[in-house]
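Chains A and B supply the protein sequences, listed in that same order. Its first residue numbered 11, the first sequence is counted upward by one per residue in my numbering. Its first residue numbered 23, the second sequence is counted upward by one per residue in my numbering. Using N, Cα and C, we set each Cβ at its ideal position, and we do this for glycine too. The structure displayed is predicted, hence computed values, not measured ones. Quick notes on the structure that follows.
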Amino acid sequence: MRDFVYDRADSADAAQTAAKEGARAIAGGTNLLDLMKHEVETPDRLIDVNRTGLDQIEEADGGLRIGALVRNADLAAEERVRRDWPLLSRAILAGASPQIRNRATTAGNLMQRTRCAYFYDLGSACNKRSPGSGCDALNGVNRMHAILGTSEHCIATYPGDMAVALVALDAEVEIAGANGKRTVPIAEFHRLPGDRPDRDNVLEDGEIILGVTLPKPTGGAQVYRKVRDRRSYAFALVSAAVDVTVEDGKITRAALTLGSVAAKPWRSNEADKVLVGSEPSRKAFENAADRLLQGAQGHGENDYKIGLARRTLVAALAEATGIDIAGDAA
Amino acid sequence: MAQHQITLTINGTERSLALDDPRVTLLDALRQHLDMTGTKKGCDHGQCGACTVMANGRRINSCLSLAVMHDGDTITTVEGLGEPENLSPLQAAFLHHDGFQCGYCTPGQLVSATAMIEEIKQNWPSVVSGDLEKVSLSDDEIRERMSGNLCRCAAYANIVDAIREAAKAEGVA
Ligand SMILES: Cc1cc2nc3c(=O)[nH]c(=O)nc-3n(C[C@H](O)[C@H](O)[C@H](O)COP(=O)(O)OP(=O)(O)OC[C@H]3O[C@@H](n4cnc5c(N)ncnc54)[C@H](O)[C@@H]3O)c2cc1C
Ligand code: SF4
Ligand code: FES
Ligand code: FES
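Shown next, in the form of structure tokens:
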């Protein structure tokens, strides 16, 4: 690990001032320290944001405001979240381990970096870690990689679970910078790589995350389904978050989001709309999945993800609507 | 001169530590600076759970935390769970059920399971909980909740037996 100067902030303002001066926030440390040990991340200055008081969950306009420092374990166990946003609880609980969730924070989770093995390996070409060096994953080991929104410069995924649920739930990210506060819809927070894969999201230098807000609960049926190599303590190959409302036998509202298929949680208004007005059925779910996966492209080892994502989304929708899809045509 | 003066209350005893280097993890502070070698280093990257300790009552991976971030915190390590002549019920259950072979992962398993039983008492859900609002103890729950602790010897079956017995003895069902 490279040496750094360590300071502790006792307020959000102090954290933001330090960030403006070039310090890097450290929250739970569960991603940043791992990457610093590998020397993938080499900040000169760390600002410890754990004691900034941003660790509260409050009611806000019928929804919730979740402070940046709220631990993943606390958010998943929060009574209102369990009752009104079970999708969020389940997505968080599907990630990492209890020990990590006890430390990991809301902001740190959003900011976590890709798990692309070449990104971690200083000996490999990686445009995200070292812009302009190339991308060894393109023709390499890319089983975990993205099938949507990729570029010739990077095919990495955003690997997290929590953000997939937050996108389906229409959350917003509250950001503080030199020019005051701004709010970004979570669906616009993470970036596609384009020709700047080094930039994972829209947070600018000198900005910090203050928290995440959830709008009031939709009352829909919510399911998070995660497919992984082992049953626990593994990143998703593919995940699906769905929130659907059925009234009088017809779907009246749907939010479908796929995880670990792109550099951001993947949702489209068009795919959501495919379901609205139709009766829940395998055919309707497949149509919506095909719409959401339009343009999906494998890179060899990850070709399987297209079919897996489709089946995972269909299964999540079937579970949410109580439809039995066993035996129906594929 | 040491740049970082920190105080930790470890297993009930206040310990002061002068660190020249902020890079020292909580794990290395315990093992290298305080000679408390009960807590083990497996992967050093948050992937195995051998380094599990409790910070302010919560289980964490001490390898992924800087010691300076814990100034003022209360830390419980495996040395704080019981004594050779006075084992904690969970430690006794691990012995009774052969919950280990080489024993390297065991300190982490013990601290983790001790905290896990508390989490269930607080009705914390897990991803395998059918009902998020009402949690109960099943073998599936134990396995899921202990998934952050790997055992290279694969003593898993006996670890689950030991934890089930200790939890039941505490009235956790
Ligand atoms: C073995 C292992 C398995 C895992 N498995 C999963 C999994 O299955 N699913 C999953 O979703 N995640 C998984 N994770 C990742 C884990 O969720 C993240 O490491 C964690 O959420 C990061 O949060 P943190 O608070 O520890 O962030 P830190 O490590 O402290 O920080 C991460 C980044 O966030 C920035 N940051 C932190 N707070 C702020 C702020 N307030 N404003 C601006 N920037 C900020 C930091 O500067 C840094 O860049 C796993 C991690 C490990 C080690
Ligand atoms: S996929 Fe992205 S992160 Fe992975 S090697 Fe290529 S540029 Fe780097
Ligand atoms: S040594 Fe900390 S998790 Fe492996
Ligand atoms: S007993 Fe050997 S690693 Fe678990």
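Of all Cβ atoms in chain A, is any one closer than 7 Å to the Cβ of residue i?
i: B/E166; result: yes
i: B/R80; result: yes
i: B/L56; result: no
i: B/V149; result: yes
i: B/N33; result: no
i: B/G170; result: yes
i: B/S87; result: yes
i: B/G104; result: no
i: B/L41; result: no
i: B/H92; result: no
i: B/G152; result: no
i: B/N108; result: no
i: B/T96; result: no
i: B/E155; result: yes
i: B/G64; result: no
i: B/T29; result: no
i: B/M23; result: Low local confidence applies: a pLDDT of 49 at B/M23 is under 50, so the model's placement there is unreliable, and no value is given.
i: B/R186; result: no
i: B/T74; result: yes
Measure from the alpha carbon of residue i to the alpha carbon of each residue in the options, then state which is nearest.
i: B/S169; options: B/A51, B/A135, B/G34; result: B/A135
i: B/G60; options: B/E155, B/I32, B/G68, B/N78; result: B/I32
i: B/G102; options: B/L86, B/L117, B/L88, B/G79; result: B/G79
i: B/H55; options: B/Q27, B/M76, B/I142, B/G68; result: B/Q27
i: A/S161; options: A/V151, A/N137, A/E182; result: A/N137
i: A/P108; options: B/D93, B/C124, B/Y126, B/Q131; result: B/Q131
i: A/G118; options: A/D253, A/Q232, A/G221, A/A294; result: A/G221
i: A/G269; options: A/N189, A/L158, A/R263; result: A/L158
i: A/P207; options: A/E296, A/A28, A/I165, A/A294; result: A/I165
i: B/Q144; options: B/E107, B/V194, B/T47; result: B/V194
i: B/A51; options: B/K156, B/C70, B/S87; result: B/S87
i: A/T52; options: A/V15, A/D205, A/S143; result: A/V15
i: A/H200; options: A/M121, A/M154, A/V151; result: A/M121
i: B/V149; options: A/R90, A/I185, A/L103, A/N189; result: A/L103
What's the call for residue i, buried or exposed, on a 16-neighbour Cβ count within 10 Å?
i: A/Y243; result: buried
i: A/R93; result: exposed
i: A/V248; result: buried
i: A/C126; result: buried
i: B/A176; result: exposed
i: B/H118; result: exposed
i: A/A319; result: buried
i: A/Y314; result: exposed
i: B/L15; result: Nothing about residue 15 of chain B can be read from this structure; chain B reaches only from 23 to 195.
i: B/D183; result: buried
i: A/P290; result: buried
i: B/T35; result: exposed
i: A/P195; result: exposed
i: B/S158; result: exposed
i: A/D240; result: According to the sequence provided, residue 240 of chain A is Arg. The question's Asp does not apply to it. When all chains shown are included, A/R240 counts as exposed.
i: B/D57; result: exposed
i: A/K226; result: exposed
Name the one or two DSSP bridge partners that residue i has.
i: A/I185; result: A/R192, A/I219
i: A/V233; result: A/V252
i: A/S161; result: A/C164
i: B/H26; result: B/L41
i: A/I67; result: A/I76
i: A/T228; result: A/T228 is not bridged to any residue.
i: B/T61; result: Its beta-bridge partners do not exist; DSSP assigns none.
i: A/D17; result: A/I57
i: A/H200; result: A/N211
i: B/M76; result: B/R81, B/T98
Would you verify that the beta carbon of residue i is, or is not, closer than 7 Å to some beta carbon of chain B?
i: A/N297; result: no
i: A/E329; result: no
i: A/N119; result: no
i: A/P108; result: yes
i: A/P96; result: yes
i: A/S21; result: no
i: A/N352; result: The structure shown does not extend to residue 352 of chain A, since chain A is modelled only from 11 through 340, so no value can be given for it.
i: A/L220; result: no
i: A/D44; result: yes
i: A/R92; result: yes
i: A/A87; result: yes
i: A/S99; result: yes
i: A/A127; result: no
i: A/A326; result: no
Only counting runs of 3 or more residues, tell me where the beta strand (DSSP E) segments fall wholly within the region 80 to 139 of chain B, in order along the chain.
-> Correct list: 80 to 83, 96 to 98.
Mind listing, in chain order, the continuous beta strand (DSSP E) runs of no fewer than 3 residues lying wholly within the region 257 to 323 of chain A?
-> Segments of the beta strand (DSSP E) lying fully in the region 257 to 323 of chain A: 260 to 269.
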